[in-house]
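In our numbering, the protein residues as written are 13 to 554.
The C-beta atom is built at its ideal place from N, Cα and C for all residues, glycine as well.
These figures come from a predicted structure and were not determined experimentally.
Just below is one structure, and these are the notes that go with it.
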Amino acid sequence: MRGLLCSPLPLLLLLLLPWETQLQFTGPKCRSGPLDLVFVIDSSRSVRPFEFETMRQFLVGLLRGLDVGPNATRVGVIQYSSQVQSVFPLGAFSRHEDMERAIRALVPLAQGTMTGLAIQYAMNVAFSVAEGARPPEARVPRVAVIVTDGRPQDRVAEVAAQARARGIEIYAVGVQRADVGSLRAMASPPLNEHVFLVESFDLIQEFGLQFQGRLCAIDHCSFGNHSCQHECVSTLSGPRCHCREGHDLLSDGRRCQARDLCNGVDHGCEFRCVSDGLSYRCLCPEGRQLQADGKSCSRCREGHVDLVLLVDGSKSVRPQNFELVKRFVNQIVDFLDVSPEGTRVGLVQFSSRVRTEFPLGRYGTAAEVKQAVLAIEYMERGTMTGMALRHLVEHSFSEAQGARPRALNVPRVGLVFTDGRSQDDISLWAARAKEEGIVMYAVGVGKAVEEELREIASEPSELHVSYSPDFSTMAHLLENLKGSICPEEGISAGTELRSPCDCESLMEFQGRTLGALDSLTQNLAQLTARLEALENQLANQK
13 MRGLLCSPLP LLLLLLLPWE TQLQFTGPKC RSGPLDLVFV IDSSRSVRPF
63 EFETMRQFLV GLLRGLDVGP NATRVGVIQY SSQVQSVFPL GAFSRHEDME
113 RAIRALVPLA QGTMTGLAIQ YAMNVAFSVA EGARPPEARV PRVAVIVTDG
163 RPQDRVAEVA AQARARGIEI YAVGVQRADV GSLRAMASPP LNEHVFLVES
213 FDLIQEFGLQ FQGRLCAIDH CSFGNHSCQH ECVSTLSGPR CHCREGHDLL
263 SDGRRCQARD LCNGVDHGCE FRCVSDGLSY RCLCPEGRQL QADGKSCSRC
313 REGHVDLVLL VDGSKSVRPQ NFELVKRFVN QIVDFLDVSP EGTRVGLVQF
363 SSRVRTEFPL GRYGTAAEVK QAVLAIEYME RGTMTGMALR HLVEHSFSEA
413 QGARPRALNV PRVGLVFTDG RSQDDISLWA ARAKEEGIVM YAVGVGKAVE
463 EELREIASEP SELHVSYSPD FSTMAHLLEN LKGSICPEEG ISAGTELRSP
513 CDCESLMEFQ GRTLGALDSL TQNLAQLTAR LEALENQLAN QK
């Protein structure tokens, strides 16, 4: 605080005057306009009795210089140590005398120094409408003045940041033994206007004089060119720009942009959320339609698939990435029409051994499959991809595991997900899988080997091989897989899959056959008639 009063003679004269007289010496009452002002006073045991008395007089003198009233400045005072106590809330008094009486009756708490707890109380309680603060839409500045003499015994940075984010302007006043770093962590920017360090309680009036000068400042928005795009609001530290509803202030502090509502609401969009003025809307990927609920996207509808996923659970994947893999698998499930009659899904995890997590026939809904995927436990250890492919061919697509009989002509699809080179040979069982009619897809991440991915996948490889350099960027692979696996757009588009022995199929076949016979009979009759006519013509010519 050195340098606030440069000449020693005025300082000496001020110190000789009683404190309450000093503030009155500054001129008429401040008329700063509406303001909600809360003083947060440290009354811990480190504040000696005579020091607390000086702080009490500081408050009384400062209040006498304020234009207090329901429509002007509302004042609240809280004190804290190891607990927080409201001396009087913002809505309690509108007369100086009542406030002074409450302050003179104040008894110090004389315990610890829980400054973070006090800021939390100010943010959640002292500045609430129930305590007398004006509602946020009234745009009345909210100012907290924290006066402390020591180091906080709890964390202040995070809670102070939350208070500032709620629009509370914080002045941090440290006296004597106060920790400068904590003051800077609490105060609003710019710090040179909101942080004050006073050498002793006897000199706290220096802050009082300067602070009162801020309260009595001119309307900053009416003075000079504030350059606000929408609205200027005068605060203690100068002009502040505000934006209209649904818009946020840009980093230059002047211009506004439409708020991205998708980041601030639980939009529930299945694929993507897009802000649209004061509202938002959901979008679906190309080829899928938004459903009636406005949030979910259409699923694959035509044809059926038996889909088995082989998921690499080796130690190179690492636990956090394995969780990303499970999330990726569930995103694939999201665009499938999972049901006993539609698409069936099974999952096998492999490392140095192979484990069927759930077979094709176990779950009949997408929700059940997704829940089962989330419950999978990471195996770690090696990468035996060849062993996993053998398990896929010999067991995963068996009817005992829930695959539909080959006679139904349901496409069988295998999707192998791996992040590295196999520790065993894959050639034999990669070829066998395709010989068995399984359409194979290979998804590689990180250190996956391209030659192995191509050997696993069906032809053409550009449609059946996908790669991402990082687990966190796998999302872009979904569209490729969706266009391939989804029956309405991929391998079985427009194909009606049912048993040739089904009764309806036999009736349809019979109908088509009889229709063809009828047509053939009619054609023969017409041909016979033409031949008879030709014979008659030849007979007449003779």
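Check your understanding: Taking all protein chains shown into account, do 16 or more other C-beta atoms lie within 10 angstroms of the C-beta of residue 386, making it buried, or fewer, making it exposed?
Key -> For the purposes of this step, residue 386 is taken as residue 374 along the sequence shown, with counting starting at 1. Exposed.
Distance, residue 309 Cα to residue 469 Cα:
One-based indexing of the sequence shown puts residue 469 at position 457. One-based indexing of the sequence shown puts residue 309 at position 297. In a straight line, the C-alpha of residue 469 is about 28 Å away from that of residue 309.
Open item on the list: Can you confirm whether the stretch 147–165 touches the stretch 121–131 when touching is taken to mean that 3 or more C-beta pairs between the two stretches lie within less than 8 Å?
Closed with: At 8 Å Cβ cutoff, the stretches touch.
Check your understanding: Could you give the distance in angstroms between the alpha-carbon of residue 401 and the alpha-carbon of residue 340?
Key -> Taking the sequence shown and counting its residues from 1, the one referred to as residue 401 is at position 389. Taking the sequence shown and counting its residues from 1, the one referred to as residue 340 is at position 328. Between residue 401 and residue 340, the C-alpha separation is close to 21 Å.
Buried or exposed, going by whether 16 or more other CB atoms sit within 10 Å of the CB of residue 518? By one-based count along the sequence shown, residue 518 stands at place 506. With a pLDDT of 44 at residue 518, under the threshold of 50, the modelled position of that residue is not reliable, and no figure is offered here.
Original post:
What's the gap between the Cα of residue 328 and the Cα of residue 429?
Top reply: The residue given as residue 328 occupies position 316 in the sequence shown. The residue given as residue 429 occupies position 417 in the sequence shown. Approximately 13 Å between the Cα atoms of the pair.
Classify residue 270 as helix, strand or coil using the three-state DSSP reduction.
By one-based count along the sequence shown, residue 270 stands at place 258. DSSP places residue 270 in strand when its eight states are reduced to three.
Taking all protein chains shown into account, do 16 or more other C-beta atoms lie within 10 angstroms of the C-beta of residue 371, making it buried, or fewer, making it exposed? Here residue 371 is taken as the residue at index 359 of the sequence shown, counted from 1. So residue 371 counts as buried.
Whole angstroms is fine: what's the gap from residue 78's alpha carbon to residue 240's? By one-based count along the sequence shown, residue 78 stands at place 66. By one-based count along the sequence shown, residue 240 stands at place 228. Cα to Cα, the separation comes out at about 29 Å.
request  = Could you check the C-alpha separation between residue 280 and residue 344 for me, to the nearest Å?
outcome  = Here residue 280 corresponds to residue number 268 of the sequence shown, with the count starting at 1. Here residue 344 corresponds to residue number 332 of the sequence shown, with the count starting at 1. Going by the C-alpha atoms only, they are around 18 Å apart.
Please report the straight-line C-alpha distance between residue 60 and residue 94, rounded to a whole angstrom.
Within the sequence shown, the letter at position 48 stands for residue 60. Within the sequence shown, the letter at position 82 stands for residue 94. Taking the straight line joining both Cα atoms gives about 16 Å.
* To do: Could you pull out every residue in the same chain whose Cβ sits closer than 7 Å to the Cβ of residue 446, ignoring the five residues on either side in sequence?
  => Position 434 of the sequence shown, counted from the start, is the residue given in the question as residue 446. Around residue 446: 452 and 470.
For residue 383, which of helix, strand or coil comes out of DSSP?
Your numbering for residue 383 matches position 371 in the sequence shown. Three-state result, residue 383: helix.
* Within its chain, find whatever has a CB closer than 8 Å to the CB of residue 58; leave out the 5 residues flanking it on each side and keep chain order. => If you number the sequence shown from 1, residue 58 lands on position 46. Within the same chain, residue 58 has close Cβ partners 125, 161, 162 and 189.
>> For a test of the three-state rule: what should DSSP assign to residue 574, helix, strand or coil?
In response: One cannot answer for residue 574 here, as it falls past the ends of the chain, which runs 13 to 554.
Handout entry: residue 52 versus residue 384 - alpha carbon distance
Key = Residue mapping note: residue 52 aligns to position 40 of the sequence shown, counting from 1. Residue mapping note: residue 384 aligns to position 372 of the sequence shown, counting from 1. Going by C-alpha positions, residue 52 is about 52 Å away from residue 384.
Which residue from 403, 104 and 73 puts its Cα closest to that of residue 116? As a first step, residue 116 must be located in the sequence shown, where it is residue number 104. That would be 73, whose Cα lies nearest to the Cα of residue 116.
Going by CA-CA distance only, name the one from 467, 305, 204 and 173 that's closest to residue 433.
Within the sequence shown, numbered from 1, the residue matching residue 433 stands at position 421. The option with the nearest alpha carbon to residue 433 is 467.
Does residue 419 pass the burial test, meaning 16 or more other C-beta atoms within 10 Å, or should it be called exposed? Numbered from its first residue, the sequence shown carries residue 419 at position 407. Exposed, by the Cβ-count rule.
Residue(s) in a DSSP beta bridge with residue 293 = Sequence index remark: in the sequence shown, residue 293 carries index 281 (1-based). The partner list for residue 293 (beta bridge, DSSP) reads 286.
Would you decide whether residue 5 is buried or exposed? Buried here means 16 or more other CB atoms lie within 10 Å of its CB. Lying before the first or after the last residue shown, residue 5 is absent from the chain, which here runs from 13 to 554.
At the level of alpha carbons, what is the spacing between residue 541 and residue 548?
By 1-based counting over the sequence shown, the position of residue 541 is 529. By 1-based counting over the sequence shown, the position of residue 548 is 536. About 11 Å.
What's the call for residue 416, buried or exposed, on a 16-neighbour Cβ count within 10 Å?
Working through the sequence shown from its first residue, we reach residue 416 at position 404. That one is buried.
query = Going by beta carbon distance, what residues of the same chain come within less than 8 Å of residue 121, once the five residues before and after it are set aside?
reply = Residue 121 sits at position 109 when you count from the first residue of the sequence shown. The beta carbon of residue 121 sits closer than 8 Å to the beta carbons of 55, 56, 91, 92, 93, 94, 95 and 97 from its chain, once the five residues preceding and following it are set aside; these are given in chain order.
Quick check: residue 254 and residue 270, are their CB atoms within less than 7 Å of each other? Counted from its first residue, the sequence shown places residue 254 at position 242. Counted from its first residue, the sequence shown places residue 270 at position 258. Cβ distance not < 7 Å, so residue 254 and residue 270 don't count as in contact.
**Item:** Simplified DSSP state of residue 245, which is helix, strand or coil
**Value:** Walking along the sequence shown from the start, residue 245 turns up at place 233. It is a strand residue.
Quiz item: Along the chain, where does the beta strand (DSSP E) that runs through residue 86 open and close?
Solution: The residue labelled residue 86 in the question sits at position 74 within the sequence shown. Under the DSSP assignment, residue 86 falls in the beta strand (DSSP E) whose first and last residues are 85–92.
Please determine, among 366, 365, 274 and 378, the residue with the shortest C-alpha to C-alpha distance to residue 357.
In the sequence shown, the residue the question calls residue 357 occupies position 345. Nearest option by C-alpha distance: 378.
If you follow the beta strand (DSSP E) that residue 97 is in, where does it begin and where does it stop? Looking up residue 97 in the sequence shown gives position 85. Per DSSP, residue 97 belongs to the beta strand (DSSP E) from 96–100.
- Of all the options 482, 483 and 462, which has the alpha carbon lying nearest to the alpha carbon of residue 476? Here residue 476 refers to the residue found at position 464 of the sequence shown. Closest option to residue 476, Cα to Cα, is 462.
field: Nearest to residue 245 (by Cα), restricted to the options 151, 321 and 319
entry: For the purposes of this step, residue 245 is identified with residue 233 of the sequence shown, where counting begins at 1. Of 151, 321 and 319, the residue nearest in Cα terms is 151.
Taking C-beta to C-beta, are residue 363 and residue 398 nearer than 7 Å? Locating residue 363 in the sequence shown gives position 351, counting from the first residue. Locating residue 398 in the sequence shown gives position 386, counting from the first residue. The Cβ-Cβ distance between residue 363 and residue 398 does not fall below 7 Å.
Problem - Sequence-distant residues of its chain with Cβ nearer than 6 Å to residue 134 (five each side left out) - result: As a working note, residue 134 is residue 122 in the sequence shown. The answer, listed in chain order, is 50, 52 and 156.
| task | Throw me the rounded Cβ distance for the residue 87 and residue 111 pair, which I believe falls under 8 Å. | result | For the purposes of this step, residue 87 is taken as the residue at position 75 of the sequence shown. For the purposes of this step, residue 111 is taken as the residue at position 99 of the sequence shown. About 6 Å separates the beta carbons of residue 87 and residue 111, which is inside the 8 Å limit, making them a contact pair.
Close-in-space but distant-in-sequence residues of the same chain around residue 438 (CB under 8 Å, 5 per side omitted): Counted from its first residue, the sequence shown places residue 438 at position 426. For residue 438, where only same-chain residues beyond five positions count, the Cβ hits under 8 Å are 397, 398, 401, 464, 467 and 468.
Exercise. By DSSP, does residue 133 sit in helix, in strand, or in coil?
Worked result: Here residue 133 refers to the residue found at position 121 when the sequence shown is read from its first residue. DSSP places residue 133 in helix when its eight states are reduced to three.
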